[in-house]
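Residue numbers (the numbering used here), protein chains in the order written: chain A, 2 to 335; chain B, 4 to 344; chain C, 2 to 369.
A virtual CB, placed ideally from N, CA and C, is assigned to each residue, including glycine.
The next block holds one structure in the form of C-alpha cells; read it before the comments.
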Amino acid sequence: MKSSVNILEKNKTKKIFRELGLLIFLIVLCVVFQAINPTFFTWENLADMLRNTSILAILAVGMMMVMITGGIDLSVGAIVALAGMVSALTVQYVPQLPAVVAILIGMGVGIGCGAVNGVLVAKGRIIPIIATLGMMNVFRGLTYLISGSKWVSAHQMSDGFKSIATSGIGPLNTLIIIAVVVVLIFYYFLNYNRTGRYIYAVGSNPESAVITGIKKDRILIMSYTLLGLLTGLAGVLWVAKFASAQGDTATGYEMNVIAACVLGGVSVSGGTGKVGGLLLGVLLLGVLQNALPLINVSTFWEDFIQGIIILVAILLNISVKRRADKNALKRREI
Amino acid sequence: MSKMATLNKRTNVELDRSVLEHKLDPKKFFLQWEWLLVIILVVILIINGSISDYFRGTQVLDATMNFMDKGFMVLAMVFVILLGEIDISVGSTAALCSVIMAIAYNAGMPMELSMVLCLAVGLGCGYINGILIAKCKELPSMIITLATMTIYRGIAYIILEDQASGGFPEWFQYLSWGYVGPIPFSLLMFIILAVVFGLLLHKSVFGRQVYAMGNNETTSRYSGIKVNRNKIIIFTLMGLMAGACALFLTSRMASTRPNVAQGYELDVIAMVVLGGVSTAGGKGNMLGAILAVFIVGYLRYGLGLINISAQVMMIIIGLLLIGSVLASNFLLNKPKALPKK
Amino acid sequence: MKKWMTVVCLLIVAAFVFAACAPAAETASQVPESSTESGEASAESSTEASAGTETTGSGKHAIVFKNTGNPYGEKEMEGFENAVKEAGQEAILRAPDQPTAEGQIQIIEELIAQGVDSITVVANDPDALQPALTKAMQAGIKVIAVDSGVNAQSRELFVNQAGSELFFFFKQKTAYEMCSGSGEFAILSATSQATNQNAWIEALQKIMESDEKYKDMELVKVAYGDDLRDKSVSETEALLQSYPDLKCIVAPTTVGIAAAGKVLTDKNLGGKVALTGLGLPSEMAEYIDNGVCEYMFLWNPLDLGYLAGYTAMALTDGTITGATGDKFEAGTLGEYTVVDASDGGTEIILGPPFRFDSSNIAEWKDVY
Numbered sequence: 002m003k004s005s006v007n008i009l010e011k012n013k014t015k016k017i018f019r020e021l022g023l024l025i026f027l028i029v030l031c032v033v034f035q036a037i038n039p040t041f042f043t044w045e046n047l048a049d050m051l052r053n054t055s056i057l058a059i060l061a062v063g064m065m066m067v068m069i070t071g072g073i074d075l076s077v078g079a080i081v082a083l084a085g086m087v088s089a090l091t092v093q094y095v096p097q098l099p100a101v102v103a104i105l106i107g108m109g110v111g112i113g114c115g116a117v118n119g120v121l122v123a124k125g126r127i128i129p130i131i132a133t134l135g136m137m138n139v140f141r142g143l144t145y146l147i148s149g150s151k152w153v154s155a156h157q158m159s160d161g162f163k164s165i166a167t168s169g170i171g172p173l174n175t176l177i178i179i180a181v182v183v184v185l186i187f188y189y190f191l192n193y194n195r196t197g198r199y200i201y202a203v204g205s206n207p208e209s210a211v212i213t214g215i216k217k218d219r220i221l222i223m224s225y226t227l228l229g230l231l232t233g234l235a236g237v238l239w240v241a242k243f244a245s246a247q248g249d250t251a252t253g254y255e256m257n258v259i260a261a262c263v264l265g266g267v268s269v270s271g272g273t274g275k276v277g278g279l280l281l282g283v284l285l286l287g288v289l290q291n292a293l294p295l296i297n298v299s300t301f302w303e304d305f306i307q308g309i310i311i312l313v314a315i316l317l318n319i320s321v322k323r324r325a326d327k328n329a330l331k332r333r334e335i
Numbered sequence: 004m005s006k007m008a009t010l011n012k013r014t015n016v017e018l019d020r021s022v023l024e025h026k027l028d029p030k031k032f033f034l035q036w037e038w039l040l041v042i043i044l045v046v047i048l049i050i051n052g053s054i055s056d057y058f059r060g061t062q063v064l065d066a067t068m069n070f071m072d073k074g075f076m077v078l079a080m081v082f083v084i085l086l087g088e089i090d091i092s093v094g095s096t097a098a099l100c101s102v103i104m105a106i107a108y109n110a111g112m113p114m115e116l117s118m119v120l121c122l123a124v125g126l127g128c129g130y131i132n133g134i135l136i137a138k139c140k141e142l143p144s145m146i147i148t149l150a151t152m153t154i155y156r157g158i159a160y161i162i163l164e165d166q167a168s169g170g171f172p173e174w175f176q177y178l179s180w181g182y183v184g185p186i187p188f189s190l191l192m193f194i195i196l197a198v199v200f201g202l203l204l205h206k207s208v209f210g211r212q213v214y215a216m217g218n219n220e221t222t223s224r225y226s227g228i229k230v231n232r233n234k235i236i237i238f239t240l241m242g243l244m245a246g247a248c249a250l251f252l253t254s255r256m257a258s259t260r261p262n263v264a265q266g267y268e269l270d271v272i273a274m275v276v277l278g279g280v281s282t283a284g285g286k287g288n289m290l291g292a293i294l295a296v297f298i299v300g301y302l303r304y305g306l307g308l309i310n311i312s313a314q315v316m317m318i319i320i321g322l323l324l325i326g327s328v329l330a331s332n333f334l335l336n337k338p339k340a341l342p343k344k
Numbered sequence: 002m003k004k005w006m007t008v009v010c011l012l013i014v015a016a017f018v019f020a021a022c023a024p025a026a027e028t029a030s031q032v033p034e035s036s037t038e039s040g041e042a043s044a045e046s047s048t049e050a051s052a053g054t055e056t057t058g059s060g061k062h063a064i065v066f067k068n069t070g071n072p073y074g075e076k077e078m079e080g081f082e083n084a085v086k087e088a089g090q091e092a093i094l095r096a097p098d099q100p101t102a103e104g105q106i107q108i109i110e111e112l113i114a115q116g117v118d119s120i121t122v123v124a125n126d127p128d129a130l131q132p133a134l135t136k137a138m139q140a141g142i143k144v145i146a147v148d149s150g151v152n153a154q155s156r157e158l159f160v161n162q163a164g165s166e167l168f169f170f171f172k173q174k175t176a177y178e179m180c181s182g183s184g185e186f187a188i189l190s191a192t193s194q195a196t197n198q199n200a201w202i203e204a205l206q207k208i209m210e211s212d213e214k215y216k217d218m219e220l221v222k223v224a225y226g227d228d229l230r231d232k233s234v235s236e237t238e239a240l241l242q243s244y245p246d247l248k249c250i251v252a253p254t255t256v257g258i259a260a261a262g263k264v265l266t267d268k269n270l271g272g273k274v275a276l277t278g279l280g281l282p283s284e285m286a287e288y289i290d291n292g293v294c295e296y297m298f299l300w301n302p303l304d305l306g307y308l309a310g311y312t313a314m315a316l317t318d319g320t321i322t323g324a325t326g327d328k329f330e331a332g333t334l335g336e337y338t339v340v341d342a343s344d345g346g347t348e349i350i351l352g353p354p355f356r357f358d359s360s361n362i363a364e365w366k367d368v369y
C-alpha cells in the first residue's frame, strides 16, 4: 500500500520535471528577448502575442487529441481554409447573419471534414498520415473551387462578423477567451471524462483497448471529428481576425500545429500528451513568432533560429526525461 | 465472445499470410498490389493517349523528365519507410544542397567538384538526421526531421538570402534536358539507380535486415543486427538521394534559390505509400514504389495536357491516393495498419 | 462481405481513373474549346491549315500565372482571355497549385507538347524558367513575359506593368508627403524572394540617398511578411512596438498592405501611422473608407492581361518581331510601341499605376 503511494509520488515528480525543463527554457528565452528589446514585456505586446497564439492553441488542443490516439492530421490547414471560406461566403451573401451563426456554419463544415478523415482512418483502415494528406489536397482544391479563386475581402464582411476578432471583455480579446474556454473544456474532457480517458487507452494500446470493450473505431472517428470541429472554429476566427478569406489561407499551418504539440511533449506514437505541456509548446512557438521580428534578427535567419530552438527544446526534454527516469530507477532499486 | 472470435479470426489471417509467403499460390500472386498498380498505370497511359493527340512516341518518354527528380528520393524513401521511420526534411535537404552547389560554383570551384559537393552536403545532412534518430530513441523520426527540415532550409536562406544563383555551364543542363538516344538522361539514371536500389533491398543481406528491423526492431537488435548503424546508413542514403534530386532539379531550372523543392517531402512519401509500402514498417517493395512514381507523374502530366485547372488536379490526386490505399486495404486483405508503436 | 468490398473498391479506383477524363468536359466550358478542339483538330486541321495560314483564326495562346487561387491573377488571366477571344482565337489559362518555378516548368512542357502558338508567363523566378522557355522558343513558340518578368535570354518580349516609372509615386509624393517630409518609415515587403519587390526597394533607397529632399526621412526597417497573413500581421505589430515614432508604412504587396491595414484599424492608429503601397481595391476598400490608408496604387490587372494577349497575338502573326520600335494595335487600349528594357531585352510598358483613394474606391472595389 505504502509503496504504491510512493510510486505515485515518484511519477508525479517525473511529470513535473518534464514540464519544468520546457518552462525554464521558455523563461530563459523570454528574459533574453526582453534584454534585447525592452518592448517585449509590455502589456500591449503580450496581448498581441496571446491574440495571435490563440488560434494555434485551439488547433493544438484538437491535434493533441488525435495524436494521443496515435494518429496525425495533415489536413488542418486546408480545413481552416475551407471552413473559413464557407462562412465568409455565407456572410458575404447574407450580411445580416449573426456572427454566432457564421461560427456555427464554420464548425459544421469542420465537423464534416473531420468526420470524413475519421471514417477513412477508422473504417477505411488508412494510415492517418496518408488519409489526411489525401484529404488535404481535396479540401484545399474544394476551397478554390467554391470560391471561384476569389477572395472575400474586408468590405464584403459584416461588422458583426469582423467584430468576432476585435471585440473583447475588458482587456481580454474574444479570441483569447475562446481559446481559454476551449482549453479548459478539453482539459476536463481528457482528464475527467470517461470517453476522454478512452482516447488515451486507444492510443496507448489499441489491442487491449478493444479487448476491454472500448469501441475503438468510434473513439477514433470522434477524435478526428472533434479536431474538425475545433479546426472549423479556428477557420472562422482566422478569417474574422484577418478580415480576409483566401484559397491559400493557412497553407502549411499544420506543421506549426504539429510542432507545438511535439514541443509540448505529445508523442506521435500515441498514448501520451498533457494539456499543461501542450500550452507551454504553444506559448514557445507564439513567443518565437512574436519576438523574432522584435529583436531585429535578419528575416533570413528566422527559420534557422526557430529550427535550432525547436531542436534544442526537444533534446533538452529528452535529457531531462532520461535523468528523471534514471533517478526513478535508482530509487526503485533501493 | 464474439469479440474473441473476431480476434481469433484476425490472428488466423496473420498466420495464413505468413504461411503463404513461402509458397507461390497463383491466385495470391495475381492479387498483389503491384498488379493493381500496373493496371492503373496502363489505364492512365491509354487514357492519356486517347484524350490527347500529343501523348505519342517520344512524348511519353519526355514526360518523365517532369517527375524524375522526385523519383530519386522515392528510391531511398522506400528504405526509410520500410524501417517504420519517416524523413520530412528531404525537400529542405535538396534546397540546401542546391544552394551550396551554386555558391561553390560561383566562388570558382569547378562544376564537377561542385556537383560532388552537392552530393556530399546531402550525405552530411542525412548523416546528421541518422545520428540524431539513432541516438534519441524516444523521439520519433518525424519530430527530428521536422526540426532539421526548418534548420536546413534556414541555412539555405542564410546563405543565399533573397538572391538566386546560377550561371552553370551549358553542359550541366544535360542532366535534366539531355537524351541518350531517345531516352532522357534523367530517366536512364533513374532506371540504373532503381535497379541498384532494388537489388540492395531484395537481394542483399542489408535489405533483409531492413525488413527485419521494420517488422520488429527489438528482436532484430537481439538477433545481432546492428540496428543503429543500419539506421544511420539508411538516413545517410536518403540524404544522398536528396542531393541527387538537387542535382537534377537545379539542372532543370538552371538556377537555384532557397525555396526550391518546397513540399517535395509529402509528394515523395505519398508516392512511396501509394506504391504499397506500409508506414508501419516492414511491408512493401521497390517495384510498387517505382510504379507509383510513374502513375502519379503520368496522371499529372495527362491532366495537364487537357488543361485541367490546378484545383481540380489537386482533388483528383488526393482522391487517387485515398482510393488506392482503400483498395489495397480491402482488396488485398492486408492486416489492419495499426499506428506505429 | 469481402467480395462486396472488393467490388466497391475496384469501382472507386475506376471512378478516379475516369475522373481523370471527366473534367475534360468541365474545362471545356471553362477554357473554351480547348479539349473539344484537340479532338476535332485532326479532322479539321486540313481545312484550317489552308484557311489559317495568313488569317489568325486558329491560334492557341497560353498564359501561365504564378499560382492558382489568386484574384489578381484571375483578373490578369481574364484580361488575357478577353483579348484572345476578341480575335476569335483560343486561350489556355494555367497556373500551378503552388507558386513555384518547378510547377511552371511542368506546365510549360505540357504546353509545348500541345503545340501552342505562344506562351505568356508570369514568372515565379526570373532565371529558373530559362531552359524550359528556351525549349519552347526552339519549338517555334513565341514567349512573352508579363508582370513578373523572366531574364532577357528566355523571352521575346516583356509586357511591363509600370517599369521604372513605378517610383514616380515615391519620388513625387507618397512616403514623403505622408511623413510630411521627415520622420521614420518602414517597408513591409512580400517574400524575401520576390525579385520585383526587391528591385523597387533598392531603387527607393537609391533615390533617398541621392536626393536632398529626403535627408530628414529615415528608412528604419524592411520587414518581410512572406505574403502570409499571420506573418505580415506579426511583422507589422513588431514594427509598431519597436518604432513607436513610426510615421508611415509602405507595403508594395497586396497581402502585406491589407494585413497592415487590419492591424492599424484594430489598434486605432489611423491618422497616426500612414499606410500606402500597392493593394487590391477589393481588399483595401475597407481601410481606405475608414481612413487608415489615404491612397494606394495598382495597375489594372485586366488591362495588363489584355495587353499581354494582344502582344502574344501580334508576335505570333508577325505584326511585331519583338524589336525596338515595333508598333501594334492592342484592341481597346490603343497603340503600343516596343522599347528597350533595362536588362538588355525589349519591353512594352502598360503605363503608370492607377491611384485609388476614397473618391474612386467605391467603383473599383467590386471589379477586382
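Among the options, nearest to residue i - alpha-carbon criterion
i	options	result
C/Arg-356	C/Leu-299, C/Asp-118, C/Ala-261, C/Tyr-311	C/Leu-299
C/Leu-303	C/Ala-84, C/Ala-63, C/Lys-61, C/Val-65	C/Ala-84
A/Asp-49	A/Thr-226, A/Ile-80, A/Val-33, A/Leu-176	A/Leu-176
B/Ile-84	B/Ser-95, B/Met-145, B/Pro-172	B/Met-145
C/Glu-75	A/Trp-152, A/Met-256, A/Cys-262	A/Trp-152
C/Asn-68	C/Gln-115, C/Thr-135, C/Glu-295, C/Ala-124	C/Ala-124
Interface residues of chain B facing residue i [CB-CB closer than 8 Å]
i	result
C/Thr-320	What C/Thr-320 touches in chain B: nothing, since even the nearest Cβ is about 26 Å away.
A/Met-136	Gly-321, Ile-325
C/Asp-98	Ala-313, Gln-314, Met-316, Met-317
A/Met-256	Leu-149
A/Gln-307	Thr-153, Gly-157
Partner residues on chain A for residue i, Cβ-Cβ distance less than 7 Å
i	result
B/Gln-314	Gly-142, Tyr-145, Leu-146
Same chain, Cβ closer than 8 Å to residue i, five either side skipped, listed in chain order
i	result
A/Leu-330	none
A/Thr-196	Phe-190, Ile-220, Met-223
Same chain, Cβ closer than 6 Å to residue i, neighbours up to 5 away in sequence not counted
i	result
A/Val-203	Thr-70, Ala-210, Lys-217, Ile-220
B/Arg-13	Residue placement at B/Arg-13 is poorly supported in this model, since its pLDDT is 42, which falls under 50; the coordinates are not used for a value here.
C/Asp-246	Glu-185
C/Ala-133	Ile-106, Ile-109
A/Phe-187	Val-62
Neighbour list for residue i in chain B, Cβ cutoff strictly below 7 Å
i	result
C/Asp-128	Ala-167, Gly-169, Ala-257, Ser-258
Chain-ordered chain A contacts of residue i [CB-CB under 9 Å]
i	result
B/Cys-139	Ile-315, Leu-316, Ile-319
C/Ala-92	Those do not exist, as C/Ala-92 stays about 16 Å from chain A at its closest Cβ, beyond 9 Å.
B/Glu-268	Result: empty, since nearest Cβ-Cβ is about 10 Å, beyond 9 Å.
Neighbour flag for residue i against chain F, beta carbons, 9 Å
i	result
C/Glu-336	Absent from the structure: chain F. Protein chains present are A, B and C.
Contacts that residue i makes with chain B (C-beta to C-beta distance below 9 Å)
i	result
A/Trp-302	Gly-157, Tyr-160, Ile-161
Interface partners of residue i on chain A, CB under 8 Å
i	result
B/Thr-282	Ile-128, Ile-130, Ile-131
Segment limits, alpha helix (DSSP H) that includes residue i
i	result
B/Ala-193	According to the sequence as given, residue 193 of chain B is Phe; it is not Ala. B/Phe-193 -> alpha helix (DSSP H) spans 188 to 206.
A/Phe-162	160 to 167
7 Å CB neighbourhood of residue i in its chain, flanking five on each side removed
i	result
A/Ala-241	Phe-162, Lys-163, Ile-165, Ala-166
C/Leu-316	Ser-119, Lys-143, Ile-145, Glu-157, Leu-158, Gly-323
Extent of the continuous beta strand (DSSP E) to which residue i belongs
i	result
C/Glu-336	336 to 338
Subject >> Segments assigned alpha helix (DSSP H), at least 4 residues, entirely inside the segment 56 to 92 of chain B >> reply: 61 to 65, 71 to 85
Subject >> Segments of 4+ residues assigned as alpha helix (DSSP H) that fall wholly inside the segment 253 to 288 of chain B >> reply: 267 to 277
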